[in-house]
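*Asks:*
In my numbering, the protein residues as written are 654 to 874.
#1: Since residue 730 contacts residue 705 with CB under 8 Å, what's their CB separation in whole angstroms?
#2: Going by the CB atoms, is the gap between residue 748 and residue 733 shorter than 8 Å?
#3: Looking only at its chain, what residues have a beta carbon closer than 6 Å to the beta carbon of residue 726, apart from the 5 residues adjacent to it on each side?
#4: I need the DSSP call for residue 715, collapsed to helix, strand or coil.
#5: Just checking my contact of residue 821 with residue 780 at CB under 8 Å: how many whole Å lie between their CB atoms?
#6: Assuming residue 813 contacts residue 696 under a Cβ cut-off of 8 Å, what Cβ separation, rounded to an integer in Å, is found between them?
#7: Can the beta-carbon of residue 690 be found closer than 8 Å to that of residue 834?
#8: Assign residue 667 to one of two classes, buried (16 or more other C-beta atoms within 10 Å of its C-beta) or exposed (fewer than that).
#9: Tell me the DSSP secondary structure of residue 760 in three-state form.
#10: Is residue 729 helix, strand or coil when you go by DSSP?
#11: Using the Cα positions of residue 773 and residue 682, report the straight-line distance between them to the nearest angstrom.
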């Protein structure tokens with residue numbers, strides 16, 4: 654197996670080395686983004702629902718403490734929505750800016766994954782062309798020889814084609830997945846901010862719309 658792998662790497666040539674370096678970089682970015690999303694976006698909806706529940710139960714301090722303990726992008730956005738003393742319009746503005754900022758952080762390096770996914774097959778194709786050219790060159794140099802003459806060139810072409818696809822597929826999959834989760838984070842935070850902004854401030858009594866004066870009603874009761 655070791656000799657087979659060594660022969661495969663040798664057949665790929667310098668293009669395979671380039672694809673291997675790109676693959677390692679791509680996997681490192683995917684791992685870093687996965688950890689970042691796990692901390693800041695994966696549980697954003699659950700945190701938002703828990704905070705809204707606490708606010709409806711009249712526990713704004715517990716809701717704020719829960720957001721602070723999360724140390725996440727979702728917690729920061731929800732704290733902006735609970736800004737004490739701010740009007741509803743101001744809270745919406747704070748939330749909008751916070752969501753925009755954290756959305757930018759979530760999209761960071763995703764363009765690199767898209768670039769890797771779109772260019773790796775072409776790098777592999779370049780290696781394929783080099784391999785085919787090598788095969789024809791060897792065939793011309795040893796005219797009349799058997800198929801073994803062109804075997805090295807054909808192997809280089811096929812290995813690089815497969816390697817280009819092997820690098821591109823995980824990068825494209827990860828890019829689409831992270832984009833979907835980032836967009837989901839934005840939608841969940843926009844919904845949560847609207848829900849929180851619509852809640853009455855803590856301790857605020859409902860406005861009395863009855864035409865009968867309150868003192869008269871109390872006396873009547």
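Beta carbons: idealized from backbone N, C-alpha and C, even for Gly.
These figures come from a predicted structure and were not determined experimentally.
*Replies:* Once the coordinates are examined:
#1: Their Cβ separation, rounded to whole angstroms, is 13 Å, which puts residue 730 and residue 705 out of contact at 8 Å.
#2: Taking C-beta atoms as the reference points, residue 733 and residue 748 count as a pair closer than 8 Å.
#3: If we look at residue 726 and ignore the five residues flanking it on each side, its Cβ neighbours are 693, 755.
#4: Note: residue 715 maps to helix in three-state DSSP.
#5: Contact doesn't hold; Cβ gap of about 13 Å is too wide.
#6: Going by Cβ atoms, the distance from residue 813 to residue 696 rounds to 41 Å, so no, they are not a contact pair.
#7: Yes, Cβ-Cβ distance for residue 690 and residue 834 is below 8 Å.
#8: Burial call: exposed.
#9: Note: residue 760 maps to coil in three-state DSSP.
#10: Helix at residue 729.
#11: Cα-Cα distance, rounded: 15 Å.
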